[in-house]
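A quick write-up on the structure given underneath.
In my numbering, the protein residues as written are 2 to 237.
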């Protein structure tokens, strides 16, 4: 029994607390890195909103390289599984990705115009279906659904009314806004997690408040002032 108690004390002693402190620091550091990544994304989004033309071309080049790399990887995987039933389908999909990547890298402006048209039609059709579905279903979020549908239709019509002149900044604006909101969410998540970790003590429980510390000090002083024998005698 004594050996078991000693082993348990060793596990929960200063060494165990030191390990918990190290783990807490590592987790806090990882959330700090997350917040730093969010700051970088926010800066990139703000720069993209200022230079929307550069952001659009950067998005096109990034999209083209992703399609090209995905097509090459898909082609390699198709040849590795050439005895399967979907071999030719995988080859066709990979070839389409490679061809689309080459076209986007060769003609980024024309690709931006086509993608802007696709985005406008997507907003327009999505808004129409959402508006019609809201009018037919009339669910709990009826008003919100109508607002979202009307906003999608309005955004699609605005993009189509200035196409193709607006193709140099529409995609870049959307991409920069996505970076901005993703960065803000990462900053909020990282800072909130670090704040929660700061409220947790090293032994896994919440940090004691000042009132709790003062109350424990009073109890300790009373215990030292009145030994257990005196307390039992007073009770008798």
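Heads up, the beta-carbon is just placed ideally off N, CA and C, and yes, glycines get one too.
Original post:
Among residues of its own chain, excluding the 5 on either side of residue 79, which ones have a beta-carbon nearer than 8 Å to its beta-carbon?
Top reply: For residue 79, where only same-chain residues beyond five positions count, the Cβ hits under 8 Å are 88, 91, 92 and 95.
**OP:** Classify residue 72 as buried or exposed, calling it buried when 16 or more other Cβ atoms lie within 10 Å of its own Cβ.
**Re:** Buried: at least 16 other Cβ atoms inside 10 Å.
Original post:
Just checking, does the stretch 130–141 make contact with the stretch 103–120 on the three C-beta pairs under 8 Å criterion?
Top reply: No: fewer than three Cβ pairs fall under 8 Å.
Original post:
Is there contact between the stretch 39–48 and the stretch 156–175, where contact requires at least three CB pairs shorter than 8 Å?
Top reply: No: fewer than three Cβ pairs fall under 8 Å.
Subject >> Whole runs of the alpha helix (DSSP H) within the stretch 112–189, excluding any shorter than 4 residues >> reply: Fully contained in the stretch 112–189 are the following alpha helix (DSSP H) runs of length 4 or more, in chain order: 143–162.
Original post:
Taking the runs of the alpha helix (DSSP H) that are 4 residues or longer, which of them lie wholly in the stretch 33–107?
Top reply: Fully enclosed alpha helix (DSSP H) runs of 4 or longer: 53–81 and 88–107.
Subject >> Cβ contact (3+ pairs, closer than 8 Å) linking the stretch 168–188 and the stretch 139–151 >> reply: Using a Cβ-Cβ distance cut-off of 8 Å, the stretch 168–188 and the stretch 139–151 are not in contact, since fewer than three pairs of beta carbons, one from each stretch, lie closer than that value.
**OP:** Using a threshold of 8 Å, state whether the C-beta atoms of residue 126 and residue 164 are closer than that.
**Re:** Judged by their CB atoms, residue 126 and residue 164 are not nearer to each other than the 8 Å cut-off.
Original post:
Can you check whether the CB of residue 166 is closer than 8 Å to the CB of residue 131?
Top reply: Taking 8 Å as the Cβ cut-off, residue 131 and residue 166 do not qualify as a contacting pair.
**OP:** With DSSP collapsed to three states, give me the class of residue 198.
**Re:** In this structure, DSSP gives residue 198 a helical state, which the three-state scheme calls helix.
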